[in-house]
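Just so you know, UniProt numbering puts 275 at position 275 of the sequence shown, and the rest follows in order with no gaps. The beta carbon of each residue, even a glycine, is placed where N, CA and C say it ideally should be. Here the structure is a predicted model, which means the values were calculated and not measured.
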Amino acid sequence: MQLVIEVDKAREGRAKPQQDDHGAVSVLLEQLLEEAERLDASHLHLAPGPAQADIAFRVGGLLHPYRQLASEQARMLIEQVAREAGLVAESRAPQHGQMRWHGQAIDVSLLPLLHGPRVVLRRPPMQAGHRGLEALGIGSVLAQDIRAALAGTGLILVASPVGNGRSTTLQALAAVAASRTRPVLAIAPEALPACPGMAMIASRDAAVAESIQAAIDQDIDVLMIDSIGDRAVAAAALAAAQAGRLVIAGIEAASAVAAIQQLRSWRIEAFQLASTMSLAIAQRLVRRLCGACREPVQASGSVSALLGFDPGTIVYAPAGCGACSETGYSGRTAVFEWVRGDAAIRRLINDGGDAAILARHAFVTTPNLGSAARALARTGVTTPEEAVRISRG
1 MQLVIEVDKA REGRAKPQQD DHGAVSVLLE QLLEEAERLD ASHLHLAPGP
51 AQADIAFRVG GLLHPYRQLA SEQARMLIEQ VAREAGLVAE SRAPQHGQMR
101 WHGQAIDVSL LPLLHGPRVV LRRPPMQAGH RGLEALGIGS VLAQDIRAAL
151 AGTGLILVAS PVGNGRSTTL QALAAVAASR TRPVLAIAPE ALPACPGMAM
201 IASRDAAVAE SIQAAIDQDI DVLMIDSIGD RAVAAAALAA AQAGRLVIAG
251 IEAASAVAAI QQLRSWRIEA FQLASTMSLA IAQRLVRRLC GACREPVQAS
301 GSVSALLGFD PGTIVYAPAG CGACSETGYS GRTAVFEWVR GDAAIRRLIN
351 DGGDAAILAR HAFVTTPNLG SAARALARTG VTTPEEAVRI SRG
């Protein structure tokens, strides 16, 4: 991967008018963002060094070196980014801001280092909700359960560790739920992509619980909460669900059962949790193999043993081609598990059943994260190594 910028070599090294410099830097930034979009990169990194700065894109979960800039050009690019994000390039403190690009909100993080600020731009996730749940990698059975839950009231949890696509899934569910007869209010720390039928409150930390109560006062039918991070928010969310609202909420947890256990740890009453639990979803992101160049190989003995495959099972490995910029991968896809809030699960929650008991009932007819990842490895969507990583938690 290499960005081509036409430069008049005869003028290199000479002083240029400041306006020309700013124009060239603006063009450079535009081209970098266009390349990030073309590659579907989640992040753009600019790391300064003593003589030059390294630019890299995070694609499919991996950081790929892209090109280098001379230190002066990098300094001007950083200043341009800082200006557009309303930040101060010379600040000695870490900063976070946001810039607009073609209608998108690009998150900007500046971290001061020895040779200048390190800059990371984070692109917003694709608005997969507008294209249906299946665009996220959600299978037909889970999609059916989600749509049934979205048609009712109660609590839908979406759980994952940080950086595993939880916000994208939340927005997709909210987009499906949104309608003219069922107003949706999203409560998130930062602006979300526009969605018909959905209003938004930008709310952080302690203000989230108050925003939930305000939504109830406003007669909102559906609430999307970006993250339940403490007992106060959890209590407010459960109260809204108990009052007949549909609450779609994110929570940082390793699994669907762990999400339920996290609410318990905040001393949420068992009856309140049991009576409102509709669906708990957990997800992880895995690297998606490039369909144009993936290569069939026999799974090694150790991998077969770890994944429960028969010896000699055919799986797929990355190769690299022009379609995937020689990486062997084409973005990422999600692996899902879910716990239905059926009568048995509600009874187990109300009776204080532990995680093992909940999981034993929940995954009789639906896959857990490990088995879902193994299925993707068998069909060549991802590698067996990725499936092992998910299976190990």
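Nonlocal neighbours in the same chain, by C-beta distance under 6 Å from residue i, ignoring five residues either side
{"i": "L173", "result": "I248"}
{"i": "I314", "result": "P296"}
{"i": "R378", "result": "none"}
{"i": "A359", "result": "V257"}
{"i": "A74", "result": "P48, A53"}
{"i": "H96", "result": "S109"}
Beta-carbon spacing of residue i, residue j below 8 Å
{"i": "residue 397", "j": "A373", "result": "Outside the modelled stretch of the chain, which goes from 1 to 393, sits residue 397, for which no answer is possible."}
{"i": "V184", "j": "A209", "result": "no"}
{"i": "L376", "j": "V335", "result": "yes"}
{"i": "M277", "j": "G341", "result": "yes"}
{"i": "A159", "j": "I225", "result": "no"}
{"i": "S179", "j": "G197", "result": "yes"}
{"i": "L155", "j": "A237", "result": "yes"}
{"i": "L307", "j": "P384", "result": "yes"}
{"i": "Q68", "j": "A56", "result": "no"}
{"i": "L87", "j": "V108", "result": "yes"}
{"i": "L29", "j": "V81", "result": "yes"}
{"i": "I268", "j": "L223", "result": "no"}
{"i": "S302", "j": "P311", "result": "no"}
{"i": "L246", "j": "G152", "result": "yes"}
{"i": "L150", "j": "A177", "result": "yes"}
{"i": "V257", "j": "A362", "result": "yes"}
{"i": "A243", "j": "I216", "result": "yes"}
{"i": "A235", "j": "R346", "result": "no"}
Given residue i as reference, the closest of the options once Cα atoms are compared
{"i": "R122", "options": "L46, D219, R75", "result": "L46"}
{"i": "P189", "options": "G370, I228, G23", "result": "I228"}
{"i": "I220", "options": "A240, A207, R231", "result": "A240"}
{"i": "P112", "options": "P94, V120, P124", "result": "P94"}
{"i": "D40", "options": "S330, A359, P384", "result": "S330"}
{"i": "R264", "options": "L348, R378, D217", "result": "L348"}
{"i": "residue 403", "options": "A253, G49, R360", "result": "What the structure shows of the chain is the stretch from 1 to 393, and residue 403 is not part of that stretch, so it cannot be assessed."}
{"i": "G49", "options": "H115, D230, P311, A177", "result": "H115"}
{"i": "G165", "options": "S42, V364, H102", "result": "S42"}
{"i": "C195", "options": "L170, A214, A215, A207", "result": "L170"}
{"i": "P117", "options": "Q213, A207, D230, E79", "result": "E79"}
{"i": "H102", "options": "E84, A387, W266, G23", "result": "E84"}
{"i": "T366", "options": "G139, A274, Q261, L273", "result": "G139"}
{"i": "Y66", "options": "L44, A74, Q73", "result": "L44"}
{"i": "H64", "options": "R360, E35, Q31, V388", "result": "E35"}
{"i": "R100", "options": "G393, P193, G291", "result": "P193"}
{"i": "W266", "options": "D230, A343, Q272", "result": "D230"}
{"i": "residue 406", "options": "E90, A355, E37", "result": "Look at the range of the chain in this structure, 1 to 393, and you will see that residue 406 is not part of it."}
{"i": "P161", "options": "R58, Q272, E37, Q262", "result": "Q262"}
Other residues of its chain near residue i: CB distance less than 7 Å, five sequence neighbours each side excluded
{"i": "V381", "result": "R288, L289, T333"}
{"i": "A51", "result": "S71"}
{"i": "residue 397", "result": "Since the first and last residues shown for the chain are 1 and 393, residue 397 lies out of range."}
{"i": "A143", "result": "L133, E134"}
{"i": "L369", "result": "S255, A282, R284, V335, E337, I390"}
{"i": "A299", "result": "F309, T313, V315, P384"}
{"i": "P124", "result": "Q104, A105, P193"}
{"i": "R182", "result": "D221, V222"}
{"i": "V388", "result": "V303, L306, L307"}
{"i": "G393", "result": "A254"}
Neighbourhood of residue i by C-beta, 8 Å cutoff - its chain only, sequence neighbours within 5 removed
{"i": "A191", "result": "Q98, A105, M200, A202"}
{"i": "C293", "result": "P318, A319, G320, C321, A323, C324, G328"}
{"i": "Q218", "result": "L185"}
{"i": "G60", "result": "R287, R288, T327, Y329, S330, G331, R332"}
{"i": "R92", "result": "P112"}
Complete runs of the alpha helix (DSSP H) confined to the stretch 82-155 [at least 4 residues]: The DSSP assignment places 140-150 as complete runs of the alpha helix (DSSP H) inside the stretch 82-155, in order along the chain (cut-off: 4 residues).
Runs of alpha helix (DSSP H) lying entirely within the stretch 250-325, each at least 4 residues, in chain order: Correct list: 256-265, 270-276, 301-307.
Within the stretch 175-215, ranges of the beta strand (DSSP E) (whole runs, at least 3 residues): For the stretch 175-215, the full-length beta strand (DSSP E) segments reaching 3 residues or more read 184-188, 198-202 along the chain.
Ranges of the beta strand (DSSP E) found wholly within the stretch 317-367, counting only runs of at least 3: Entirely contained in the stretch 317-367, the beta strand (DSSP E) runs reaching 3 residues are, in chain order, 329-340.
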